[in-house]
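Each remark here refers to the structure printed beneath this line.
Protein chains: 2
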Amino acid sequence: MQELFVIKIGGNVIDSEAGLQSFLKDFAAIEGNKILIHGGGKIATKMGEQLGIESKYINGRRVTDDATIDLVTMVYGGLVNKKIVAQLQSLGCNAIGLTGADGNIIPATKRPVKEVDFGWVGDVESSKLKVESLKLLLDSGLVPAFAPLTHDGQGHILNTNADTVASSLAVALSYMYDVRLIYCFEKKGVLENVDDDESVIKIINKKTYQQLLSEQKLFAGILPKIDNAFAAIDAGVKEVLVGDANDLIQNTTGKTSGTLFIN
Amino acid sequence: MQELFVIKIGGNVIDSEAGLQSFLKDFAAIEGNKILIHGGGKIATKMGEQLGIESKYINGRRVTDDATIDLVTMVYGGLVNKKIVAQLQSLGCNAIGLTGADGNIIPATKRPVKEVDFGWVGDVESSKLKVESLKLLLDSGLVPAFAPLTHDGQGHILNTNADTVASSLAVALSYMYDVRLIYCFEKKGVLENVDDDESVIKIINKKTYQQLLSEQKLFAGILPKIDNAFAAIDAGVKEVLVGDANDLIQNTTGKTSGTLFIN
């Protein structure tokens with residue numbers, strides 16, 4: 002099978018113009034099949050404040066009301082996504098900006114209201130992804146760049162976690178490609194000592210993960226990312242890597258400087 | 002050659018939620034190859050006011066400064082485009098939302114500054130459109146929906162008139178398809194008597210156009226649309242029609258109720 006990189010960048014990269022440019026230059030230089038998934042960054046919050054849209058949180062999780070879904074559709078799906086596309090084009094990378102609604106690539110369900118109504122938040126319908134059209138784009142040399150938005154099939158855009166969009170796409174595409182999923186974030190990788198940026202754990206497998214957990218060596222913020230990584234591997238993704246956006250070149254050419262997850 | 006409808010809707014359709022829904026329902030029902038191009042509507046102006054972005058005009062034409070290009074990228078490329086995509090998806094139409102930057106489909110040049118600096122406004126580079134990727138999408142049953150944005154190849158999104166985006170795409174695709182270009186607007190067609198909505202001129206050719214001009218029967222606002230229509234026909238488009246958005250079904254099934262332009 003052909004190799005495919007599925008690469009996710011978070012808000013911290015988006016928020017720095019120089020950081021984004023440098024990242025996109027590295028991304029454009031990657032040879033072969035690749036897909037980008039970007040987060041939203043702080044610009045949505047800033048724009049929301051200017052528009053008088055209050056950010057609402059329940060248990061630390063953002064609630065997506067009517068005004069907020071319009072806001073993130075504008076900012077993630079329009080401003081951020083199309084700026085990235087235009088910049089990639091200027092770097093000779095034939096990007097095409099998409100959301101999960103486009104081509105019905107990522108169908109989702111509005112999160113059921115239990116104790117909390119999260120509003121227009123979408124849970125991906127993992128078994129229903131339409132990745133055939135992505136293969137078509139990739140085969141003709143196009144580079145899909147996704148905003149973290151999905152849809153409910155009933156006419157509504159839904160807000161979906163960018164990590165989840167990345168892993169869902171990676172899993173669905175693993176039937177057609179050897180997928181290498183890379184999460185770029187603000188650290189060099191998973192750290193053995195959170196105060197030492199150089200203490201990157203090179204490889205984590207399920208056994209060493211349990212060990213690290215029992216020794217309480219991992220900071221809580223990284224745990225969802227690790228669970229996500231192992232879930233992706235269990236579902237067919239060949240390799241998951243967590244690393245610094247600045248290390249993309251190394252991380253895609255075998256000289257890995259981040260943390261590699263294996264079974 | 003296969004038939005292809007290139008259909009443009011203006012801001013008046015976008016601005017009415019019921020009008021848009023009704024239009025999209027009709028659009029979704031059209032069989033065969035089709036592309037939608039949408040204008041922006043008043044929502045960009047409204048959003049701009051809320052964000053404190055002043056609309057600037059020189060000689061009645063909007064100037065697209067830094068704040069305004071971000072605004073229209075958000076609103077046209079994000080909010081309006083993705084809402085249309087999600088609604089079309091709910092109607093069983095496999096839409097994919099695009100700008101001219103995506104896949105480098107519509108390269109443009111920032112309008113040269115002469116007496117007036119129009120800012121981030123793009124003049125389409127007609128000879129450089131990359132419509133092969135559009136054919137790929139159409140062949141696999143996807144329905145491209147374009148926001149009126151292009152790019153300069155140097156990393157900048159540009160604001161481009163939606164009528165021009167529509168005619169540029171129609172012309173570029175006329176080498177591969179029998180293209181029928183339909184401009185939907187707020188009148189039933191070109192009127193012989195502007196005060197009588199039923200006085201639609203059924204067919205205009207170049208000869209009758211000169212006659213109508215010399216008799217000063219046409220209202221000034223329609224003249225750029227007519228010039229655009231004849232330019233598209235001269236460049237290979239099979240048929241251009243100007244009609245009411247509510248009459249889309251008739252206008253795509255031969256029972257034309259608008260104004261048809263022929264050579």
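Residue numbers (the numbering used here), protein chains in the order written: chain A, 2 to 264; chain B, 2 to 264.
Ideal placement from N, C-alpha and C gives every residue a C-beta, glycine not left out.
query	result
For A/A146, three-class secondary structure by DSSP	strand
The stretch 54 to 71 of chain B contacting the stretch 103 to 111 of chain B, beta-carbon criterion three pairs below 8 Å	no
Pairwise C-alpha distance: A/F231 and A/L182	11 Å
Closest by C-alpha distance to A/D124, when choosing among A/S141, A/E133, A/T257 and A/L150	A/L150
Residues near B/N13 in its chain [Cβ-Cβ closer than 6 Å; skip 5 each side]	E187
Cα-Cα separation, B/G93 to B/A29	7 Å
Limits of the unbroken beta strand (DSSP E) element including A/K35	N34 to H39
CB contact check: A/S258 to chain C, cutoff 8 Å	The chain inventory of the structure shown lacks chain C, comprising the protein chains A and B.
Where A/V117 falls, given that 16 or more other Cβ within 10 Å makes a residue buried	exposed
8 Å Cβ cutoff met for A/A171 and A/V238	yes
8 Å Cβ cutoff met for B/G78 and A/D103	no
For B/S200 and B/P225, the rounded distance between their alpha carbons	20 Å
Contact under 8 Å by Cβ, B/M177 with B/K129	no
Interface flag, B/D71 vs chain A, CB-CB below 8 Å	yes
Cross-chain neighbours of B/S141 in chain A, by beta carbon under 7 Å	S134 and L137
Contacts around B/I8, its chain only, beta-carbon distance under 6 Å, and the 5 residues preceding and following it disregarded	L37 and I183
3-residue-minimum beta strand (DSSP E) runs that sit fully inside the stretch 58 to 135 of chain A, ordered along the chain	62 to 64, 96 to 99, 109 to 111 and 123 to 125
Contact under 8 Å by Cβ, A/Q90 with B/N160	no
With 16 other Cβ atoms within 10 Å as the buried cut-off, status of B/G190	buried
Counted within 10 angstroms of its Cβ, other Cβ atoms place B/M2 as buried (16 or more) or exposed	exposed
Contact list for B/L80 against chain A, beta-carbon separation under 7 Å	D71, T74, M75 and G79
Alpha helix (DSSP H) segment containing B/Q22, residue limits	E18 to A30
Straight-line gap, B/D67 to A/L80 (C-alpha atoms, nearest Å)	12 Å
Minimum Cβ-Cβ distance from A/I158 to chain B less than 8 Å	yes
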